[in-house]
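*Asks:*
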Amino acid sequence: MNKKKFVAATVATSLVLAALTLMRSDPPSAGSTTASTSNTTTAPNRLTVGARERWRIPLDYQVVGLPAADSRGVVVAAGEAEVVAVAPTGATQWRAPLAGALYRAPRLAGDAVLVAGRRSITALGRNDGTTLWSFATASDGEPDDLMNRPVVDGEVVVITTASGRVRGLDRRTGTLRWETLLPTASTAEPAAINGVVVVVGIGVWTGLDVATGAVRWSGDIGIIGTSSPVAYRVGDRALVALATDEHLLAVDAASGGVVWTAAAEQSQFFQVPAFSEDAELLVPDHWGRV
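Under this note's numbering, the first residue of the sequence shown is numbered 7, with each subsequent residue one higher.
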C-alpha cells in the first residue's frame with residue numbers, strides 16, 4: 007500500500023485538544039471513475055485514511071469548541087470561558103479569559119483572532135491573546151443574541167446574529183460601519199467574496215454589499231436542511247454555493263444568478279461545504295457522509 011503524508015489536522019473533543027497527522031492511501035488509478043454528466047451510477051473511489059496522534063492537551067472543561075488553524079498553530083474556545091492558542095508542537099502559546107465565548111471556530115485574520123460570543127464579538131491578538139477590541143451585539147437588559155462565526159472581506163468584519171442582524175465592522179478598530187436587519191433569523195455562518203457577503207436565513211439567502219450593507223440580491227432556498235454557504239472561484243468568476251434538502255445550488259456572487267444545480271442525497275443536517283484544490287465541492291452531513 008502506497009502510503010504518504012496527506013494533511014496535518016487538528017480536532018477538538020470534550021476535555022481534550024489533540025492533533026493528528028492523517029495518512030492516506032490513494033485508490034489505484036486503474037478502473038477509477040470520474041465525474042460524468044450522464045445519469046449512469048458508478049461506484050465512487052474510496053480513500054483509506056489512518057491517523058497518528060502528534061500531541062494532546064487536557065482542558066478542564068466539559069466542552070471544547072471547534073478549532074481554527076493556520077501556520078502558527080491552533081486556536082480554540084473552551085468552556086465559554088477562555089480562548090486557548092497552541093503551537094504546532096503542542097505547546098500552549100497563550101490562554102485568554104473570555105466569558106461567553108461560543109463554540110464556533112474562531113476566525114483567524116492575520117494578526118487577529120475573531121471570537122464569536124453570546125453578546126459580543128472580540129478581537130484578540132494572534133501572538134499574545136491581548137484584547138484588541140470588542141463590539142457588543144446585545145445591550146444591557148436585552149437577551150443574548152448569539153453570534154455566528156464572523157467572516158472577513160478586505161477591511162470589514164461581517165457579523166450575523168440569531169436575531170437576523172447583520173453588521174459590518176472596521177477590521178482594525180471594531181467600529182460599526184453599517185447595520186442591516188434581515189426579515190428572518192440567521193444561524194448559519196456567512197461567506198464573503200469580491201465585496202459581497204452572503205447570509206442564509208430561514209428559507210432565503212441574501213447577498214449584501216460588504217462596504218455598505220446594501221442588498222444586492224436575494225433568493226428562495228427552502229427551509230429544510232440548509233447549510234451555511236461557501237464562497238469559491240472558478241477561473242475569474244466568484245461563486246457561492248450551499249446545500250439544501252435534496253439538492254445543491256451555486257450562484258454568481260455578484261448577481262445571485264443561478265449557475266448550476268445538482269441533486270443530492272436527502273439530509274436535513276448539511277454542514278458547511280468546502281471547495282477543494284481539485285475544484286471539487288465537498289458537502290458533508292451529520293451522518294458522516296460526503
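Built from N, CA and C at the ideal position, the CB exists for glycine as well.
Assign Trp266 to buried or exposed, taking buried as 16 or more other Cβ atoms, counted over all protein chains shown, within 10 Å of its Cβ.
*Replies:* With fewer than 16 other Cβ atoms within 10 Å, it is exposed.
*Asks:* Over the uninterrupted beta strand (DSSP E) stretch that includes Ala256, give me the two end residues.
*Replies:* Segment His253 to Asp258, the beta strand (DSSP E) holding Ala256.
*Asks:* Quick one, which of His253, Val121 and Gly135 has its alpha-carbon nearest Ala102's?
*Replies:* Among His253, Val121 and Gly135, the Cα nearest to that of Ala102 is on Gly135.
*Asks:* Taking the alpha-carbon of Ala104 as reference, which of Ala97, Arg124 and Gly201 has the nearest alpha-carbon?
*Replies:* Checking the sequence shown, residue 104 turns out to be Leu, not Ala. Minimum Cα distance to Leu104 is reached at Arg124.
*Asks:* Can you name the residues that DSSP bridges to Gly225?
*Replies:* Trp211, per the DSSP bridge assignment.
*Asks:* I'd like to know whether the C-beta atoms of Thr98 and Ile63 end up nearer to each other than 8 Å.
*Replies:* Yes; because the gap between Cβ atoms is below 8 Å, this pair is in contact.
*Asks:* Tell me which residue opens and which closes the beta strand (DSSP E) that Gly174 is part of.
*Replies:* It spans Arg171 to Asp176 - the beta strand (DSSP E) in which Gly174 sits, taken as one unbroken run.
*Asks:* Please classify Leu288: does DSSP put it in a helix, a strand, or coil?
*Replies:* Residue state, collapsed to three classes: strand.
*Asks:* Using the three-state DSSP reduction, which class does Asp150 fall into: helix, strand or coil?
*Replies:* If DSSP states are grouped into helix, strand and coil, Asp150 belongs with coil.
*Asks:* Expressed to the nearest angstrom, what Euclidean distance is found between the alpha-carbon atoms of Pro156 and Asp76?
*Replies:* Approximately 17 Å, taken between the alpha carbons.
*Asks:* Grab me the residues of Ala280's own chain with a C-beta within less than 6 Å of its C-beta, minus the 5 sequence neighbours each way, in chain order.
*Replies:* Result list for Ala280: Leu288, in chain order.
*Asks:* At the level of alpha carbons, what is the spacing between Glu283 and Ser145?
*Replies:* About 43 Å.
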